[in-house]
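Undergrad: Under the numbering used here, think of the first position of the sequence shown as 850, with each following residue one higher.
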Amino acid sequence: MPKLSPEDAQLWKDATKEYNRLKMMQHRAWQTDLSVKLKLKKAALAALPEDLRELANRPETERVPLNRQMFTHTPPIPGFNQQSSVKKRKRGQSGRG
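1) Quick one: complete beta strand (DSSP E) runs, 3+ long, within the segment 863-940?
2) In three-state DSSP terms, what is P855?
3) Anyone know if the C-beta pair for N906 and L894 falls short of 9 Å?
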């Protein structure tokens, strides 16, 4: 590995510090956002009547039905077969053109 000149080493050091500073700002913003959301959730639960609060705090143990309908923003593509498309992708075929 080639040796860096003192100027280049300082440049890399400064760039690394700036990167770390920006990433910490992003991380703190994410933490703050999450904290606010949790406080709002707790406040919403506390505002519920007692019987509904008990229901809301109970863990959901039911599984999602496998035959549930998935709603999308676009209509289904006529003739599209998802299983066939997945199999082609696994074999390395794009299935296009």
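By construction, the Cβ of each residue, glycine as well, lies at the ideal position given by its N, Cα and C atoms.
TA: Well, looking at it:
1) Taking only runs of at least 3 residues, no beta strand (DSSP E) segment lies wholly in the segment 863-940.
2) Mapped onto the sequence shown, residue 855 falls at position 6. Three-state DSSP puts P855 in a helix.
3) By 1-based counting over the sequence shown, the position of residue 906 is 57. By 1-based counting over the sequence shown, the position of residue 894 is 45. Cβ distance < 9 Å, so N906 and L894 count as in contact.
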